[in-house]
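Notes follow once the structure below has been shown.
Number of protein chains: 2
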Amino acid sequence: MLEPMARPLAHPHIDDVTVSGILHALSDPVRLGIVSKLLTSPSGMNCTQTTQKLKLAMAKSTCSQHYRILREAGLLVSERKGVDLSSRVRAAELDARFPGLLASIVKSYKKETSRPARARAAPK
Amino acid sequence: MLEPMARPLAHPHIDDVTVSGILHALSDPVRLGIVSKLLTSPSGMNCTQTTQKLKLAMAKSTCSQHYRILREAGLLVSERKGVDLSSRVRAAELDARFPGLLASIVKSYKKETSRPARARAAPK
DNA sequence: CGCTTAGTTCGATAATATTGAACTATAGAA
DNA sequence: TTCTATAGTTCAATATTATCGAACTAAGCG
């Protein structure tokens, strides 16, 4: 009998990756945090580790969606590693297509998180 | 009698501008196009000119919303110039807060628009 | 004033995102 | 092999957000 064949994951060709797509994917603070974290996690990271490391409370279905969005925008490659799905940033490819873009975004993000936005007048 | 006082436009303090906010604002191709165009339009640009110059067909209410989103994300300053509202990019301030970010995004956008993404297998 | 140009606001509809529950995939134990 | 636990995905319902036309507000001009 044939292999059940794990459902193929959608990874766009690097030439199909768009700036708008990248910005949309990273416009969510959670996803930006994921990518930022992944860049310094050479062995990749899965959903569970993500929720732990970023100290976020979110449904696993939500985490799954975030990864799907990042993957479909061309930011990540995901592959099965035993029971879990491990993802990494397509850093080299992305930098070849849009030199400096991702690095610039992550740099700004880190600057921001190291010193959060000032307190609002009316914090709602 | 007091001035009718034009409704004040919301312009966030530069320290309240966030990376996610910027990326979200620019994640829409129309808005990215507007900002890109504005950067080379020193005298500013209004909604009508935007629709013309970018050759876009959109309701003026939609254009108004796009400008509102860009303004509230901290990307633009808008001011009345007689009958119309003229907007410009807060380039210097933004570059001081997030060095290179906007320039990097616009550079990538221009690269992309100068040579569009390759044709899809199934252009739907 | 009254007319024209330029935007904004509003109400309805369409497109996205979030979540818990149910389902699929893989590894390891019995 | 069958049973269990772990890790994600898919689904259906709900909540946000975006788009559009229509109605309304602001500013300049005759």
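Protein chains in written order, with this note's numbering: chain U, 89 to 212; chain E, 89 to 212. Glycine included, every Cβ here is placed at the ideal spot set by N, Cα and C.
(message) When you compare the CB positions of Arg159 of chain E and Ser166 of chain E, do they come within less than 8 Å of one another, or not?
(response) yes
(request) Would you kindly work out how many angstroms separate the C-alpha atoms of Val105 of chain E and Gly162 of chain E, rounded to a whole number? (result) 6 Å
(message) Would Lys199 of chain E pass as an interface residue toward chain U - the criterion being a Cβ-Cβ separation below 8 Å?
(response) yes
(message) Does Val171 of chain U pass the burial test, meaning 16 or more other C-beta atoms within 10 Å, or should it be called exposed?
(response) exposed
(request) Would you please verify whether the beta carbon of Ile193 of chain E is less than 8 Å from any beta carbon of chain U? (result) yes
(request) Express the C-alpha separation of His99 of chain E and Leu173 of chain U in angstroms, rounding to a whole number. (result) 42 Å
(message) Taking a contact to mean a Cβ-Cβ separation below 8 Å, would you say Phe186 of chain U touches Lys198 of chain E in this structure?
(response) no
(message) Are the CB atoms of His154 of chain E and Ile122 of chain E within a distance shorter than 8 Å?
(response) yes
(message) I need the straight-line Cα distance from Thr138 of chain U to Glu181 of chain U, nearest angstrom please.
(response) 23 Å
(message) Against His112 of chain E, what residues of chain U qualify as contacts under a CB-to-CB distance less than 7 Å, listed in chain order?
(response) Ser115
(request) Report the three-state DSSP secondary structure of Val107 of chain E (helix, strand or coil). (result) helix
(message) By the three-class DSSP mapping on this structure, what secondary structure does Ser175 of chain E have?
(response) strand
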